[in-house]
Amino acid sequence: MVLAVLFFLASLAPPSHPLSSACSNFQAFICQSGDFPDVYSAFYDEALLHLEAYRSDFVTEQLQAAIDEGLFKKSALEECRHSIPATSEESFSEKEGFLIGFGLRSWPKIDVSTRDQTVKVVSSSAEKSRSFRTLPFESTPSSVQDLLRGYFLAVDIDGRFDVQDFNVTFEVEKRVTLEIDAPEEQETRRSSRHKEKGPFADILETPLASAYANLLYAHLLLSVDPNLVHNSTFDEELHSMAEEVKKGIFEHIDKTEWIKEETKRNIRELFPSERIYFGAPKEFSEEAMVAKAVDFFKETFQRFHNDSDLRERLGESHKTCRGLFFSQLLRLAHNAFKLQNDDYDFGMYPFQNQPLSALSFFQSNAFNYHSENLLVGDLLFPRPILLLALRYGTLGYTLAHEMFHSLGVDTVHVEGGEEIKEHSNYRKALDCYKEYYGGFKMWQCYDYFNGTKGCHLDRPDGSTKIDEGFADIQAARVVAKIAKTLDNGTSDAMDSFFFGLGANYCEEYKEERRNATSQRAHLRRGKHPRTAIRANAIVRQLKEYSGHFGCQKGHQMFHEEKLCDVFGDP
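Structural data, given as structure tokens:
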């Protein structure tokens, strides 16, 4: 099979060009001389050929049409939000249970196990100690019975189950405030200039529609090479790497004397292993279940998409609410499939406060979802894959970058985070980043109407680049220290680490180098530093880089000024 033998990435070596070129322009040193970026791109494009062979079906056509009409945009969702059915009483009801089945309520949370014949009702996200009681359905309070009747009315679409046969675990003496879900156009940390490739890419990029695209991608790739969907051994290795990255971050923060110990403990609780995803979970590797789910989602969508009575009941009869209605049908299909298949869950809906937003496992990007879930996107690259140090330079660095987004700069997502943000040392470090990224100037040249030419230096607004720049440099600093310990700190290990670090940005680097207009636009707009200088900006802040390549004062990649660091001691 072409994909199985196309490349053998582990045998690739870093560039063999003179080290002096590494000290003059790191990004060019990697991208113009290394094999890894081209290997990755070629393999990815080869995999996409198999996806391109898929012809659109009814569901993808309907979802794409809704995307093209802007029905998943914030303006359309805001208009529909006001029509979502509301209740004023603070009690459970059949109506609430029905809406939960379609993803129209964040709380309470209902978990059904047909295997154990149990239902668990969790009233809110409160962290205080809870008191639960388990009773047969007929012995539970009438409000709980009403809630579950409504839920089963929604999700038991084929009438296979009797809710009265279940035991119910529920919170005792819990005053419940029913929450109305406010669907949102999900914001991500992705580069605004990144464009997903492949069929139904727009659907994959739309959290309110991506659940179906996840299943289609898995279904098609499983027939090519199951390892492209999930490999348990590789997944375990990557999670082991994630633990090392977390440890490195926490050790770095522990050196920061001005952060309170209690806040440090809160930071250590971020990013539990089960909330870190490297591509799709293992449930996607079961070919029979994936195929069954594709058919089930398709049939459920077709069955209800024109149900005007249902749309009226959900408060979405207005034409601009069609996108929201489609997202609810996908969530209904997820809940109903789980009910009919012994609790089989693909893990696509982890956001309790955004129950209509699905994780998109096959995007070629990485995301930090509200500090609740971290996703390093699809792993469409050759196997066997990546020397250990090269792995840290690519996936390890990417993961650390996303983790640091939870620690700045707009928000520090832990209790005690506001104190960190307001501390003078934190503000001073951000000013350092602002000045640093504002210094990457670019010549702008123009042809005037009178036939003359003029050039001037244009510089970015450093304050717009510090969010991504902060995550870039803080992540690279932590992971570079880990790389120094690999293979007993050999030179080859550091070569591989920096090779991988630079390769992360080669595709966009080459694109910018071909298009000066695009590069100028990226200098002025967006949170991301332009890729023509992005990797260079990172390594100029790393002592390990100058030390490894022997960069001296006067070399472009040698940074003699004080390094910018929010945490620890660089």
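All letters in the sequence shown, in the order written, are residues -18 to -1, 1 to 552 by mature numbering (1 follows the signal peptide of the UniProt record, and there is no 0).
Yeah, the Cβ is synthetic: ideal placement off N, Cα and C, and Gly gets one too.
All figures in this text were calculated on a predicted structure; none of them were measured in a lab.
Taking a C-beta distance under 8 Å as the contact criterion, H316 and C62 do not qualify as a contact pair.
Non-local beta-carbon contacts of T188 in its own chain, meaning distances under 7 Å to residues more than five positions away in sequence, involve I49 and F54 in chain order. Of all alpha-carbon atoms in G532, F431 and A453, the one lying nearest the alpha-carbon of D477 is that of G532.
A check of alpha carbon separations from H537 across C437, R522, K544 and L545 identifies R522 as the nearest. Under the three-pair Cβ rule at 8 Å, the segment 275 to 288 counts as touching the segment 34 to 53. The C-alpha of K102 is placed about 28 Å away from the C-alpha of A270. For L341, the three-state secondary structure derived from DSSP is coil. G436: member of the beta strand (DSSP E) spanning K435 to D440, first to last residue. Residue state for P118 is assigned as strand, using DSSP reduced to three classes. Closest option to D289, judged by alpha-carbon separation, among L30, N497 and F308: F308. Look at the beta carbons and you see the segment 330 to 350 not touching the segment 440 to 448: under three pairs across the two are nearer than 8 Å. Its chain contains E178, G180, S192, A195, N196, Y199, S342, F344 and Q345 as the residues whose beta carbon lies nearer than 8 Å to that of L186, once the 5 sequence neighbours on both sides are disregarded; these appear in chain order. Membership of L356 in the beta strand (DSSP E) is indicated by the continuous run N355 to V358.
Burial check for L117: the Cβ neighbour count within 10 Å stays below 16, so the residue is exposed.
Nearest neighbour of E76 by Cα position, chosen from K56, L59, L130 and L468, turns out to be L130. Less than 8 Å separates the beta-carbon of G297 from that of I66.
F319 has its alpha-carbon roughly 15 Å from the corresponding atom of E268. The segment 490 to 497 makes no contact with the segment 421 to 428: fewer than 3 CB pairs, one atom from each, lie closer than 8 Å. F481 places its beta carbon less than 8 Å from that of I12. For Y527, the closest alpha carbon among the candidates F333, A465 and D469 is that of A465.
Judged by DSSP secondary structure, F152 falls outside any alpha helix (DSSP H) and instead within the beta strand (DSSP E) spanning N149 to E153. With a minimum length of 4 residues, the unbroken runs of alpha helix (DSSP H) contained wholly in the segment 367 to 402 fall at 370 to 373 and 379 to 386. Counting the other CB atoms within 10 Å of its CB gives S121 a total below 16, which places it among the exposed residues. For A348, the enclosing beta strand (DSSP E) begins and ends at A348 to Y351. Between A275 and the set D327, P254, I231 and P90, the nearest pair of CA atoms involves D327.
Nearest in C-alpha terms to R257, of all of R304, T245, G329 and L312, is G329.
Counting along the chain, the unbroken alpha helix (DSSP H) around K229 starts and ends at S214 to D236.
In this structure F549 touches H234 by the C-beta definition: roughly 5 Å separates them, less than 8 Å.
Taking all protein chains shown into account, K228 has 16 or more neighbouring C-beta atoms within 10 Å of its C-beta and is therefore buried.
In this structure, the CA atom of H395 is about 12 Å from the CA atom of N355.
Beta-bridge partners of D93 (DSSP): K102.
Assignment of R295 by DSSP, reduced to helix, strand and coil, places it in the helix class. With a contact defined as Cβ atoms closer than 8 Å, Y491 and A514 qualify at about 6 Å.
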